[in-house]
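Residue numbering for the sequence shown follows the working numbering, beginning at -12 and increasing consecutively.
Below: the structure, in structure tokens.
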Amino acid sequence: MTLQEIAEELVSGCRRNSCESNLETLYAPGAVSVDAADAWGFGRTLRGLDAIRSKHEWRARATEVAAGSVMGPFLHGDDRFAVVYEARGKRKDTGESFDRREVAIYHVAEGKIVREEFFC
């Protein structure tokens, strides 16, 4: 897949709320995910598809999203693209509301996402 195809498929999957299938088809097994802060107790850096999948699963169980949007993709060169995410909702354990906007930079090598970095 080309960078454009990978980027468009990731965004399309996020809009369809099928991020898990994105992980299976678009990410390299050794992909790295880096969050801006350790807001969820996982640490900032996760290594490997299983760890990233666990973060996605936990977040789906722990939060209730009332509204959200996905903007992009925005290509950069031949190996990176950005996506802007917005979400409003609440944490199920505390009831605390959140209104979050973050930019994600995805790095691609050999047709797979190898690194994602989130800025908020």
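Using N, Cα and C, we set each Cβ at its ideal position, and we do this for glycine too.
Just so it is clear, the structure is predicted and the values come from calculations on it, not from any experiment.
Provide the residue(s) that pair with residue 89 in DSSP beta bridges, ordered along the chain.
Answer by DSSP bridge pairing, in chain order: 72.
To the nearest angstrom, how far is the alpha carbon of residue 69 from that of residue 42?
20 Å
What's the C-alpha gap between residue 60 and residue 53?
23 Å
Given a cut-off of 8 Å on the beta-carbon distance, is the pair residue 66 and residue 96 in contact?
yes
I'd like the list of long-range same chain contacts for residue 45, defined as Cβ closer than 8 Å, with 5 residues on each side in sequence excluded.
27, 29
Starting from residue 15, trace the beta strand (DSSP E) both ways and give me its first and last residue.
14 to 21
Quick check on the DSSP output: the beta strand (DSSP E) that includes residue 42 runs from which residue to which?
Note, residue 42: premise wrong, no beta strand (DSSP E); alpha helix (DSSP H) at 36 to 49.
On a Cα-Cα basis, can you pick out the residue from 33, 10, 7 that is closest to residue 19?
33
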